[in-house]
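Chains as they are written, first to last, in the numbering used here: chain A, 747 to 1280; chain B, 747 to 1280.
So, in structure tokens, the structure goes:
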């Protein structure tokens, strides 16, 4: 059978994150989107309030719980009327319940039929979540069984105006995730989804989560949206989006509220420990913690749920604005400091830097910020280095290489010594080093993104080592008759100097080095000019 | 004359930041506090709204502008009635106007008398701001003249129930700031203030600002509050608080609104460029940017000012909660990623790490997070290292030193190999390395803050080098009969191994090293035990 497929359109991108439009029969979802999960049994914020006050137009309901508790009524009224939500509804199929409570009382066929009967907009087949299982054999079975159920379900699907989701299982076994994604992508689903990372997130194994998402993403068609199930805490949304997740569902706003937990964009606080509500949302600006504690338990839970939902929604808006501004990497730098485990997840991204580079946009609205060594993996730097290594050929007119520590002025030729060298020596080719870009030939120094990047100084040790090794590679492959290395006194670069000397000796290139102070004098200029001429 | 002095009480501290109570004749200000600056000529949010809606009980008004425009009326009604603010009012004296527009039409004496006449709660003498002036001679004059005016003013002050502020000038000339702070601290002011850093902040020279604040702070009495004039952008509040600023004033919420600028906790956005309002405040949750653009210019400015003020207020609340949780350092790690210049300011703190350590609390409510090399300067780590070096004496019973790479388990003795060594070898003293703490003897490994710190892995190069150098210092000064160095295969520590060998050779201590893989096997255990016994 064929399903509706052409319903997702990407408008803006940054890293693998994207702002897009996902068309459903009940309206358009702007991605990235978080579906607040509605619990038909206990629900602290009424669905119509979520639409009207929070301006969220798409929610998720668990179809299995609907079926089990309200079966025929839900069918006769349709899910929209039943939960009183005049927007887009996505349904979940009970797989998570199966994971937590063991077998559930519904077959994959029944769940397809039920979701069609209640007229949902986005539906998922009943798969078998791998969960956080170290047992490989069992994990393998969940993948096989999920794929079997996908085929089974696709055969009986009748409603072509529902967007069906194909789930990817495999858990922490990345080869299984890869296999499952490859197989699932052959099947005609409108959306793909990474299955139950809930336990992995509960254990704060965010680095494992990044590996799972990236493995799935790299094996799925990029023109389809990717859903992340149970994405939980807002502090992880940005990372998930950056790795290519377009939609999430989360019940965290309500579950945390029930436990008296107050979400912030970078963590979770116990509401009873709070002396201040560090938030300006409608819920928080009406009460201070002392006043809050005088409210009834029910009221407290409702206000907490509202606050938590505002925070989730705010985070999604920040992510979107960051994508538009081309500042998603910078946003990740901030998010990474929410918790050391988030930091480890952020660092894990470097494992996928080549893929990221390939699919990230090359032009941005705003300048870039470089804060420290993690930034070495960002696409703009990776791209620059790849191009320099593959495509750069030194122009013939220059026979003398002057290696200059990167000045603070931008573009670099504004530095007065650089200006003077340029004026006096047409044969001297100035290349800058001690920069996150590694090595920058002067003629590239005012092109994007070099002069659009603001670098926090001093450089970290990794960036320095990295730059040095780029210089050594460069002098090994390029032919100059003479090399002058200008060394800043502030850094200990003795070993680097000796390595360069050695390379030059082997290549029979004349080599000289000069040490300079941070603030350059006329005397320094004279020494440099003399050394170039000599 | 003597002025009221005992009006500031500190309740909680973190780094040099503190939550305190500053008593005034019109009520108590809880610090850190930001006084929104009220402009009596154009004011987008009515002062009574600031009190009622925003729950801010203390604002600042420019007394010079009041005097110039409404002189006698302001005097006859008093400043509280005149601006209609039923709370605490601080007044500024026109020094900033003098800096911007040259001479002003008021003498220091007149400004003292006027501020007394309008019955302000907190007042400042008319000083001479240094501003951002590179000219040392002129800067020197501003300091001298400010000190002279301080004496002059103190002589004529009559109202003892006003809190008078003594301003510190000197600008970027740190020796002048130091001199001015020392002299001013001899004079009986209730509050001290760092003068006009506005230009320095406008140029994003936040690292210079940190140096100015710290220089003032280190030369002022710690029991008095420190005010930072014109603290501008919320992204810098946390750093200023961490360096000991208790109060600020800022007109940024209104000035930025007039220019169509939308403040966020980490930057400034042009409201016309926004596709989303990444905020949940009352102003932002009522409109989206499209709806906002349809409003009149005046309405837009008012809403923007409201949003900007919510953001400033939210930031202050976040800072307070961070102080209470002992997470101010962690908060700075996030703030530092607002802009590379903020990062440079954050790094500048390491210059003052010894002073910071001395005045930071040693017990905290929550565990600590270590994200990367900047964290090496945090007080808990500095304190631990100082104590280890000065006070630690290795217990006699141990004669063999086993240097073990820090395991992931906490406390470290939970690592199975460590447990086995402990069981079998009572003479082996296990010390952990490759940790931000440098070196950790096993008997200290479960004390605060070692086992309360969550470390993001892998360690940065600086932390590794740092730890290695601590180990070398340690084996140089302690006496063991034998040393076993266990090296993880994942790191290149060849030089470290050779250095240790050399030290041991000189001390005639037996030395052995073993390489191990990340996941330890029974075989590894056997090799280690054999080496300890051998």
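No residue lacks a Cβ here, since even glycine has one placed at the ideal position from N, Cα and C.
Quantities reported herein were computed from a predicted structural model and do not represent experimental measurements.
Straight through space, the alpha carbons of residue 1225 of chain A and residue 1272 of chain A are spaced by roughly 26 Å.
A straight-line Cα-Cα distance of about 10 Å links residue 851 of chain A and residue 843 of chain A. Between residue 876 of chain B and residue 869 of chain B, the gap from beta carbon to beta carbon reaches 8 Å or more. Of the residues B:896, B:887, B:1222, B:1030, the one whose Cα lies closest to the Cα of residue 933 of chain B is B:896. Where residue 804 of chain A is concerned, the enclosing beta strand (DSSP E) starts and stops at 804-808. Taking the Cα positions, residue 833 of chain B is about 8 Å away from residue 826 of chain B. Contact between the segment 1109-1117 of chain B and the segment 1195-1208 of chain B is present: 3 or more CB-CB pairs across the two stretches fall below 8 Å.
One alpha carbon belongs to residue 1005 of chain B, the other to residue 1015 of chain B, and they sit about 11 Å apart. Within chain B, the residues placing a beta-carbon under 7 Å from that of residue 1064 of chain A are 1024, ordered along the chain. Of all residues in the segment 1129-1149 of chain B, none places a beta-carbon less than 7 Å from a beta-carbon of chain A. Listed by position along chain A, the residues whose Cβ is nearer than 8 Å to that of residue 1028 of chain B are 1026, 1028, 1031. For residue 910 of chain A, the enclosing beta strand (DSSP E) has its first and last residue at 909-914.
Exclusion of the five residues before and after residue 836 of chain B leaves 781, 806, 868 as the residues of its chain whose Cβ lies within less than 6 Å of its Cβ.
When the Cα atoms are used, residue 1228 of chain B and residue 1207 of chain B turn out to be separated by approximately 28 Å. About 6 Å separates the Cβ atoms of residue 1055 of chain A and residue 791 of chain A, confirming a contact at the 8 Å cut-off. Contact note: residue 1070 of chain B reaches chain A through 1019, 1020, 1021, 1022, using a C-beta cutoff of 9 Å and chain order. Here the alpha carbon of residue 1188 of chain A sits roughly 10 Å from the alpha carbon of residue 1152 of chain A.
With contacts defined by Cβ atoms closer than 8 Å, residue 815 of chain A and residue 845 of chain A do not form a contacting pair. Contact between the segment 939-955 of chain B and the segment 909-922 of chain B is present: 3 or more CB-CB pairs across the two stretches fall below 8 Å. By alpha-carbon distance to residue 1185 of chain B, the top candidate from B:1215, B:1163, B:1205, B:892 is B:1215. If you look at residue 876 of chain B, you'll find it isn't in any beta strand (DSSP E); DSSP assigns it neither H nor E. Between residue 980 of chain A and residue 893 of chain B, the alpha-carbon positions lie close to 52 Å from each other.
Under the DSSP assignment, residue 964 of chain A falls in the alpha helix (DSSP H) whose first and last residues are 952-964. At least one C-beta of chain B is nearer than 8 Å to the C-beta of residue 1067 of chain A. Per DSSP, the unbroken beta strand (DSSP E) holding residue 776 of chain A starts and ends at 773-777. Residue pairing of residue 1191 of chain B in beta bridges, as defined by DSSP: absent, with no partner found. Listed in chain order, the non-local C-beta contacts of residue 762 of chain A below 7 Å within the same chain comprise 963, 988, 989, 990, 1102, 1105, local neighbours out to five positions each way being set aside.
Nearest in C-alpha terms to residue 1138 of chain B, of all of B:1239, B:1168, B:1190, is B:1190.
Put simply, the CB of residue 1000 of chain B is far from chain A, with every gap to its CB atoms at 8 Å or more. For residue 1112 of chain A, the three-state secondary structure derived from DSSP is coil.
Secondary structure in the segment 996-1071 of chain A: the beta strand (DSSP E) runs of 3 residues or longer, each lying completely within the stretch, are 1007-1010, 1013-1016 in chain order. If you ignore the 5 residues before and after residue 757 of chain A, its C-beta comes within less than 8 Å of the C-beta of 764, 765, 766, 767, all in its own chain and listed in chain order.
Sequence-distant partners of residue 1155 of chain A (beyond 5 residues in either direction) whose C-beta falls short of 6 Å from its own C-beta, in its chain, are 1161.
Note that the segment 1070-1082 of chain B does not touch the segment 1024-1042 of chain B; fewer than 3 beta-carbon pairs, one per stretch, sit closer than 8 Å. A direct Cα-to-Cα measurement between residue 1168 of chain B and residue 1234 of chain B gives close to 20 Å. The three-state reading of DSSP puts residue 1175 of chain B in strand, counting E and B together.
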